[in-house]
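Trainee: Dropping a structure here in structure tokens format, bear with me for questions.
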Amino acid sequence: MKSFYTLLFALCIILIDPFGNSRGSIWTEPKVLAVLLITLLNFSILWEERKSLTIPRNWKTYSILWALFLGIGLLSTLLSPFPLRSLFGQEQMGDGWLYWLTIAAFTLSNTLLLTHHPELFRPQLKGLLIGGVILAISIFPQVIDWRIDYTATMGQLIQKNVLASTIFQGQQPIGLYSHRGHASFVLAAIVIFLLVSWQRQWISSRTVKMVGVLMILAFLLTQTRQAVLALLIATVYLLGKKYYKLLVPATIVCLLVIGIATTTRQIDNLPLIKQITSDRIYLWQLSKRGISQRPLLGWGMNGFGTAYPYILNPDKTVKVVRLGDFSLDYVNKKGKLSTIPLPTAKAHNLLLDTTLSVGILGLLSYSALIIFAIKQTIQSPYQGIEAIAICYLIFTFTWFECAQYTHIMWWALSFWGTSNLTNRSNSVNPSLEQTAPIHPPRDLIAATQNKPLLVILIVSFLLLSTTATYYFINQHLPFLKAASNQSTCASSTSSPTDNAIAKRYGDSAYPWTNNIKWNCVYNIKDFPGETILDRYNKARDAAVANGGGVVYFPAGIYQFTDNLYLKDGVVIRGETPSLSDAKSTNYNPTTKFIFPKYEPKLSGSGTPNSTAFKKILTTSPNTDSNIGIINVDINRAGIYLLGDVDVVRSKNIIIYGIRSNNVADPIPNVPDRSYQSPWLRYSHPFAANIKITADANVLVSNNRLNDAITDNYDQPGYQIKAFDNKSTITYTEGWKVPFHYGNHYGIVVDRTKAEGIELDFEPAADPNAEPGLFRKGIVIRDNWIYHTMRAAIRAAGDGLVIKDNQIKDQPNKQWWTNPWGNGLPIINVTYENRAIDWAGWNVLIQGNRYEVYRHQLLDTKNYSVDGEGILIQECCGGTQINGVFITENEGNSYIGLYKTPYVKNVEITRNKLLSNVTDTPLIYVSADTNNGIHAMENVRIEDNVINGGVMSRASKGGSGNTIKNNTGSPGGFLKYSCHVAVEGNNGFKLKPCLKTLPSG
């Protein structure tokens, strides 16, 4: 029986679950389990002796006080805004009403047990000392390497200074607890046990010295100021003036530790009192609000966390719909669901936390309970052990109660039950060993019951050495690391785990999407942090530490203040919209990311660009693979997964279900301060909503771009250079040169060189000249895109697919500068108004619906030289043409294979082009360029319906070229080289064929 007590009391200090998925399951729940087992063991003994038990009067009083406190706590729980939270407690703190019921049962049963079986005091104390030794030993490896936390994910980081178990570097050393502060109190309590045992001669001086040195060194390494102060005050209380020679140097050392800890943990720009309290003053101010709102019965157990959303802004009435362990959801003033972090569950002050939880009535009953127990202990033969309670009360002045260690204080206050030790009756169960009162000198550790001690020490040594060995192997053998991660894949909150792409397009459409770990979902609700960016980074890095996965954002508004970065293997996923088709007018994902708005200042130097224009990026864009973003409404941030197309090795990228608005970049050359006002800005024409480079497998699908642009603003007084490049023109009308969030590309894939350069490609390139333009597996489909300048889709690839996209533009556009915002537009200027700009081999362009318009230049009758519908050209990232199927598209401008010197294997079929914003034939194929004539092979233009002309020209000849079975309008004409077969066309005027010309 004694061995069981020794084991259980050791476990109530050191027990952890290394495979747990949260702080509570790792460090809190195992210790509560040990306390519960001790309580059950107490009850089993008392039940066997129930007929012969005598109940002391003071124990009855103690029971009444506990019942009063628990009754008030139960009433507070029932009246709490979140009664289940009050019942079970926050997952790390663990001290809900059920926990306090357990502590009451533990304390009352242990008090009564020791009344009748004082011999069980020795194994209980022995277990605590053994646990304390093991705890102290566990501290030292963490001082050497902070990444040791004795969990299954030991050594794995979710960001630079955070372990996969969510332990921060600054919280180490933690020993076998979730925070160094918790460990520090336990060590302080063990030190006081040692001092009392030394005074009472329960342990030899030699043992006290050996164990004490170990304990105090480990204790000081935790660097917890309040614990140091609490231990100092409790020691002074315990030893008094008699040991002043010991206390004076101890006091100096403690004050030095407190001073060093304070000066090395500076919080920016805080006054001294807030530095000393780590700015707990703010929490205490909030607590005052909460107490004033519910003074009598409080908010329920863990009251600060429950009260926090209601006291954060007392002027607002908040409807909280979910209170999590680290975040909460509430309905904002617009009726939308918003999520904010819950910074702490405690006020970090015992009086305030108790009053917030159970009100003034509960505080009074709890105070009476503690005072009664301390008084009884002082009056018992074990006077001095109450120093543990004094240490606890001082410690919790700036800390809090927690189920990981609170039971130690209440164990210390259960000794008064042995006050009748020397006058016990013979009611003790004869099956239990009887011993004399524990007053004579005796070395506890050398007592006769050494076998349990030896077994526990050996087992503890094996556990610690095994975990340390595992850690070092885990660092050096990646395949073992990957295997161990399987048990920690995903966070606790349920989230969707299906392959969203397979669900939309079928399992066989894009099998590479199965490389993404869809089943490993890290719900943002499970990750604490001061900002949503902090929380995201933790979730993302947890996924990375486990080989990748999905960071899931439930429906809600998430306010980001800076760029957001993906990492290798990580996909961001929002809640699946009820309306899933992005081409629908009502498409509106319920997961919303909002980035800072640029607030223009039209004077001085203007608003700094750094205040806005954020992006979603990836940390290693040339290598990060199996990444993406799914089902998110993103406002004011472009998606730039952008490396160098020449060297990129990333693959398997998904952008699906995104709604994107108010994306822009300011062009660097504006303002030119030699003649432009410093506040001027100009939207960069090479910006895009989505920009990607990859080696293989990109799916940009079912996205809705620029359907709700709200941030455009006029710039009255915009200055540009005149044609003479000397004089300056000032536009007083602000609408002439607005900062426009639609004047850029929509989707760009594999058309970008290093440092974002768009145009620096070899003309009419083949795979040898520009391998980056011939990556495989690029698909852009089912998107809705609105834009007012540049191309809606600009992409390249071998096997490129551009399918079923809907492209919108603004008619009657007018512009007053050149494309770079610093001069007048020349007469043949191009703003690249295009629907689709493609390049590559073996391309499919099918089922797209597009409209495109040109810009009126100034107030003249001239228009920009652009307006193409579907275009490839030899310059600017264009390629040779070797295999393209352009079919079933509808639009208001031409399909152009525009002056490309190598044209082979082309089918342009079943397209419907009923209007034309240019003077170019609606189907325009020319292998001849400005620099020479060329041949073409197997170009088929068939079964199209067009309201315009067709041209197919290759002056150097060719074979297999046809214009066949097309339907035109009376004004349309056919223009073709003589080697092109023309037959079965209706509604066109025929022109004489163009003769083949000799080369040279």
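In the numbering used here, the protein residues as written are 130 to 1129.
Just so it is clear, CB atoms sit at the ideal spot from N, CA and C, and this is done for glycine as well.
Since we're looking at a predicted model, the values are computed, not measured.
(1) Decide if Gly369 is buried, meaning its Cβ has at least 16 other Cβ atoms within 10 Å, or exposed.
(2) Kindly indicate which three-state DSSP category Leu144 falls into: helix, strand or coil?
(3) Counting only the same chain and skipping the five closest in sequence on each side, list residues whose C-beta sits under 6 Å from that of Phe852.
(4) Is there a Cβ of chain B sitting closer than 8 Å to that of Ser334, yes or no?
(5) Return yes when the Cβ of Asn1067 is within less than 8 Å of the Cβ of Asn1040, no when it is not.
(6) Using the Cα positions of Tyr785 and Ile756, report the straight-line distance between them to the nearest angstrom.
(7) Compare the beta carbon distance of Lys1109 and Thr1091 with 8 Å and say whether it is the shorter of the two.
(8) Closer than 7 Å by C-beta to Pro400: which residues in its own chain qualify, once you throw out the five before and the five after it? Chain order, please.
(9) How do the segment 294–304 and the segment 514–525 stand: do at least 3 beta-carbon pairs fall below 8 Å, yes or no?
(10) Applying the 10 Å Cβ sphere with the 16-neighbour rule, what's the burial state of Lys1028?
(11) Check the C-beta distance from Asn951 over to Val761 and give it rounded, since I have them as a contact under 8 Å.
(12) For a quick check, are the C-beta atoms of Ile653 and Tyr681 less than 8 Å apart?
(13) Alpha carbons only, please: which of Leu254, Leu227, Gly149 is nearest the one belonging to Ser132?
(14) Quick one: is Phe322 buried, meaning 16 or more other Cβ sit within 10 Å of its Cβ, or exposed?
(15) Measure the beta-carbon distance from Ile440 to Leu415 and round it to whole angstroms, keeping in mind my assumption that it falls under 8 Å.
(16) Please classify Glu728 as buried or exposed, where buried requires at least 16 neighbouring CB atoms within 10 angstroms.
(17) Is DSSP giving Met222 helix, strand or coil here?
(18) Can you find at least 3 beta carbon pairs, one from the segment 504–518 and one from the segment 690–709, that sit closer than 8 Å?
(19) For Lys882, which of Phe722, Ile849, Gly772 has the nearest alpha-carbon?
(20) Report the rounded CA-to-CA distance for Ile263 versus Pro270, giving the unit in angstroms.
(21) Hey, is the segment 835–849 in contact with the segment 717–732, meaning 3+ C-beta pairs nearer than 8 Å?
(22) Taking 8 Å as the threshold, find out whether the segment 306–320 comes into contact with the segment 335–350 through three or more Cβ pairs.
(23) Spell out the partners DSSP gives Pro814 in its beta bridges.
(24) Between the alpha carbons of Ala823 and Val877, how many angstroms are there, rounded?
(25) How about the segment 970–985 and the segment 938–950: do they share at least three Cβ pairs that are nearer than 8 Å?
(26) Tell me the DSSP secondary structure of Asp482 in three-state form.
(27) What is the rounded straight-line gap between the Cα of Ala436 and the Cα of Pro210?
(28) Using the Cβ count rule (16 or more neighbours within 10 Å means buried), how would you classify Phe314?
(29) Output the distance between the C-alpha atoms of Ser709 and Leu834, rounded to the nearest integer angstrom.
(30) Using the rule of at least 16 other Cβ atoms within 10 Å of the residue's Cβ for burial, across every protein chain shown, is Thr859 buried or exposed?
(31) Please report the straight-line C-alpha distance between Arg978 and Tyr960, rounded to a whole angstrom.
(32) For Ala497, name the three-state secondary structure that DSSP assigns.
(33) Which residue or residues does DSSP assign as beta-bridge partners of Thr859?
(34) Taking 8 Å as the threshold (C-beta atoms), are Ala964 and Leu902 in contact?
(35) Could you work out which residue in Ile201, Arg788, Ile155 is closest to Gly223 when comparing CA atoms only?
(36) Out of Lys744, Ile759, Ser754, Val776, point me to the one whose CA is closest to Ala766's CA.
Mentor: Short version:
(1) For this step, residue 369 is matched to residue 240 along the sequence shown. Under this definition Gly369 is an exposed residue.
(2) Counting from 1 along the sequence shown, the entry for residue 144 is found at position 15. Note: Leu144 maps to coil in three-state DSSP.
(3) In the sequence shown, counting from the first residue as 1, residue 852 sits at position 723. Result list for Phe852: Leu953, in chain order.
(4) The chain labelled as chain B is not found in the depicted structure, where only one protein chain is given.
(5) For the purposes of this step, residue 1040 is taken as residue 911 along the sequence shown, with counting starting at 1. For the purposes of this step, residue 1067 is taken as residue 938 along the sequence shown, with counting starting at 1. Their beta carbons are not under 8 Å apart, which means Asn1040 does not touch Asn1067 by this criterion.
(6) Residue mapping note: residue 785 aligns to position 656 of the sequence shown, counting from 1. Residue mapping note: residue 756 aligns to position 627 of the sequence shown, counting from 1. Each residue's Cα considered, the two are about 11 Å apart.
(7) Here residue 1109 refers to the residue found at position 980 when the sequence shown is read from its first residue. Here residue 1091 refers to the residue found at position 962 when the sequence shown is read from its first residue. Just to set this straight, residue 1109 is Val in the shown sequence, not Lys. Between Val1109 and Thr1091, the CB-CB gap stays under 8 Å.
(8) One-based indexing of the sequence shown puts residue 400 at position 271. Summary for Pro400: the model assigns pLDDT 44, below 50, so the residue's position carries little reliability, and this model does not support an answer.
(9) no
(10) Here the question's residue 1028 lines up with position 899 in the sequence shown. Flag for Lys1028 reads buried.
(11) As a working mapping, residue 951 is identified with position 822 in the sequence shown. As a working mapping, residue 761 is identified with position 632 in the sequence shown. Not a contact, Cβ separation roughly 36 Å.
(12) By one-based count along the sequence shown, residue 653 stands at place 524. By one-based count along the sequence shown, residue 681 stands at place 552. In this structure, Tyr681 lies closer than 8 Å to Ile653 by Cβ.
(13) As a working note, residue 132 is residue 3 in the sequence shown. The option with the nearest alpha carbon to Ser132 is Leu254.
(14) For the purposes of this step, residue 322 is taken as residue 193 along the sequence shown, with counting starting at 1. That one is buried.
(15) Here residue 440 refers to the residue found at position 311 of the sequence shown. Here residue 415 refers to the residue found at position 286 of the sequence shown. With 8 Å as the limit, Ile440 and Leu415 qualify as a contact, their Cβ atoms being about 5 Å apart.
(16) Position 599 of the sequence shown holds residue 728. Label assigned to Glu728: exposed.
(17) For the purposes of this step, residue 222 is taken as residue 93 along the sequence shown, with counting starting at 1. Reduced to three states, the DSSP call for Met222 is coil.
(18) no
(19) Position 753 of the sequence shown, counted from the start, is the residue given in the question as residue 882. With distances taken between Cα atoms, Lys882 lies closest to Gly772.
(20) Within the sequence shown, numbered from 1, the residue matching residue 263 stands at position 134. Within the sequence shown, numbered from 1, the residue matching residue 270 stands at position 141. Ile263 and Pro270: Cα-Cα distance of roughly 12 Å.
(21) yes
(22) Counting Cβ pairs under 8 Å, three or more are found: they touch.
(23) By 1-based counting over the sequence shown, the position of residue 814 is 685. Per DSSP, none; premise fails for Pro814.
(24) Indexing the sequence shown from 1 puts residue 823 at position 694. Indexing the sequence shown from 1 puts residue 877 at position 748. Note on geometry: alpha-carbon atoms of Ala823 and Val877 lie some 11 Å from one another.
(25) Enough Cβ pairs lie closer than 8 Å, so yes.
(26) Mapped onto the sequence shown, residue 482 falls at position 353. Three-state DSSP puts Asp482 in a helix.
(27) Numbered from its first residue, the sequence shown carries residue 436 at position 307. Numbered from its first residue, the sequence shown carries residue 210 at position 81. Looking at the two C-alpha atoms, the distance is approximately 9 Å.
(28) What you label residue 314 is simply residue 185 of the sequence shown in a count that begins at 1. By the neighbour-count rule (16 or more Cβ atoms within 10 Å), Phe314 is buried.
(29) The count along the sequence shown starts at 1 and reaches residue 709 at position 580. The count along the sequence shown starts at 1 and reaches residue 834 at position 705. Rounded to the nearest whole angstrom, the CA to CA distance from Ser709 to Leu834 is 15 Å.
(30) Translated into positions along the sequence shown, residue 859 becomes position 730. With fewer than 16 other Cβ atoms within 10 Å, it is exposed.
(31) Position 849 of the sequence shown, counted from the first residue, corresponds to residue 978. Position 831 of the sequence shown, counted from the first residue, corresponds to residue 960. Taking the straight line from one Cα to the other gives about 21 Å.
(32) As a working mapping, residue 497 is identified with position 368 in the sequence shown. In the three-state reduction of the DSSP assignment, Ala497 falls in the helix class, which pools H, G and I.
(33) In the sequence shown, residue 859 corresponds to position 730, counting from 1. In DSSP, Thr859 forms a bridge with Gln848.
(34) Start at 1 with the first residue of the sequence shown, and residue 902 comes out as number 773. Start at 1 with the first residue of the sequence shown, and residue 964 comes out as number 835. Cβ atoms of Leu902 and Ala964: not closer than 8 Å.
(35) One-based indexing of the sequence shown puts residue 223 at position 94. The option with the nearest alpha carbon to Gly223 is Ile155.
(36) As a first step, residue 766 is located in the sequence shown; it is residue number 637 there, counting from the start. Of the listed residues, the one whose Cα sits closest to Ala766 is Lys744.
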